[in-house]
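First comes the structure, then the notes that go with it.
Protein chains: 2
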Amino acid sequence: MVGYPTKKTPQKNGPVQSTSKRGMSLEDDLNKTNAYYLELDRANVHKKPTPIMIATVSYPSRSQAKITEAYFKVPSTTDYNGVYRCKAVDYEAKETQSKTSFALAYLHEHQIAHMRSVLRHGALTFMIIRFTSLDETYFVPADRLLAFIDTTTRRSIPILWIRENGMRIPWRLTPPIDYLTCVDAYYFKGEMLND
Amino acid sequence: MVGYPTKKTPQKNGPVQSTSKRGMSLEDDLNKTNAYYLELDRANVHKKPTPIMIATVSYPSRSQAKITEAYFKVPSTTDYNGVYRCKAVDYEAKETQSKTSFALAYLHEHQIAHMRSVLRHGALTFMIIRFTSLDETYFVPADRLLAFIDTTTRRSIPILWIRENGMRIPWRLTPPIDYLTCVDAYYFKGEMLND
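Chains as they are written, first to last, in the working numbering: chain A, 4 to 198; chain B, 4 to 198.
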């Protein structure tokens, strides 16, 4: 179900989260999109579970294990991966409230290293960046993103660069973020699907 | 560090766990193997984090979040995935203490469905099965495994079938389980690496 537009007080200086008029986070939209792709048998892509370090587990009953102490770990890879047209798909998705740029601080150093690695091994690697205040979502190929990072001293990527080097993903009802259209256009150059 | 052989009392009827003379679980061996592949830039494969449903999080300090109530979720995909020679890699690894067969009950229904799906999309899909009591580890291609499941009423796979249809992975020091050799032989039919 797509949330019906409701009045919300936008958080101006809060943590990065969706203030989209639709009220759905990028993660929700991507989960719906991937579920849609799976149902149509177009691709098999999943969000990786959040990595957690478990400290204590108790067993209140024989059949159930209850974790009573655990901590979040910093992810060492990107959040989403799977398979599409025989290729490995690997991407990271981030939201920002900025209207002018995407701060590189949102990307961990080892996530960048991971993107370099999977790109080298031939995965379809990219980022999905949403500017929540503008309600604009972009597909940014990793080869261009990494080239930008390697040749700049900037701490953020200007939205103008993203508009020039990425592709805007129009919001749709089903699927909300049809990023495979961008994958087809960028990596397969409009080749016909042969399956 | 590989554990030095030590005297251990093998658990005869306990839960599925390694009784390998080396004292290392299949998961440990695979983590070492994947770390080795990553270091040599041969492949990028990771174990997915265990899926957990978080119920309560407390904030003992501003910088730290502590999970105080959470539960294990049943995984909906296989445990390991990544990229190798441009292709998506997707596999499940299981240990059994049986000396004669692998019980299909160890595989969840949706893990089987997941294997079918990624196989259809062209991923290199397989299982790694270790018979801990025999200290034998096998690579079993998913196409053969699924064909077996589809044509049998058995609840387990006899080890004889696995020996005929899979490939034994010899244990080595580095990497402990060199499964990519099997992947090369089965999926690339000895094609030369062109990178």
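Cβ coordinates follow ideal geometry from the N, Cα and C atoms, glycine included.
Within the segment 86-103 of chain B, the residues whose Cβ lies closer than 9 Å to any Cβ of chain A are, in chain order, Val86, Tyr87, Arg88, Cys89, Lys90, Ala91, Val92 and Asp93.
Any Cβ of chain A closer than 8 Å to the Cβ of B/Ile70 would place that residue at the interface, and such an atom is present. Within chain B, the C-beta atoms nearer than 8 Å to that of A/Ser120 come from Leu41, Asp44 and Asn47, in chain order. Around the C-beta of B/Ala108, fewer than 16 other C-beta atoms lie within 10 Å, and the residue is accordingly described as exposed. Secondary structure note for B/His49: its beta strand (DSSP E) is the uninterrupted segment Asn47 to Lys50. Neighbourhood of A/Asn84 in chain B, by CB distance below 7 Å: Asn84, in chain order.
Within the same chain, and ignoring the five residues on either side of B/Pro63 in sequence, the residues whose Cβ sits closer than 6 Å to its Cβ are Lys69. By the neighbour-count definition (other C-beta atoms within 10 Å, threshold 16), A/Cys185 is a buried residue. For the set B/Thr36, B/Glu30 and B/Leu29, the Cα lying nearest the Cα of B/Leu176 is the one of B/Thr36.
Assignment of beta-bridge partners to A/Tyr39 by DSSP yields no partner. A/Ile172 sits in coil when the DSSP states are folded into three classes, being neither helix nor strand. With contacts defined as CB atoms closer than 8 Å, A/Thr128 and A/Ala116 fail to qualify as a contacting pair. DSSP places B/Thr184 in the uninterrupted alpha helix (DSSP H) bounded by Tyr182 to Tyr190. With at least 16 other beta carbons inside 10 angstroms of its own, B/Ala73 counts as buried.
From the listed residues A/Gly125, A/Pro52 and A/Met56, the smallest Cα separation to B/Thr71 is found for A/Met56.
The C-alpha of A/Phe191 lies about 46 Å from the C-alpha of B/Arg65. In the structure shown, B/Met130 falls within a strand segment according to DSSP collapsed to helix, strand and coil.
In its chain, beyond the 5 residues on either side, Thr71 and Glu72 have a beta carbon closer than 6 Å to the beta carbon of A/Thr59. For B/Met56, the enclosing beta strand (DSSP E) has its first and last residue at Ile55 to Ser64. Per DSSP, reduced to three states, the secondary structure at B/Val121 is helical. Listed along chain B, the residues sitting closer than 7 Å to A/Thr53 by beta-carbon distance are Pro52. DSSP lists B/Ser64 as the bridge partner or partners of B/Gln67. At least one CB atom of chain A sits nearer than 8 Å to the CB of B/Thr80.
Rounded to the nearest angstrom, the Cβ distance from B/Phe105 to B/Ile152 is 11 Å, too far for a contact under 8 Å. Not a single CB atom of chain B sits nearer than 8 Å to the CB of A/Tyr109. Neighbourhood of B/Phe191 in chain A, by CB distance below 9 Å: empty, with the nearest CB roughly 13 Å away. When DSSP reads this structure, A/Ser136 sits in no beta bridge, so it has no partner.
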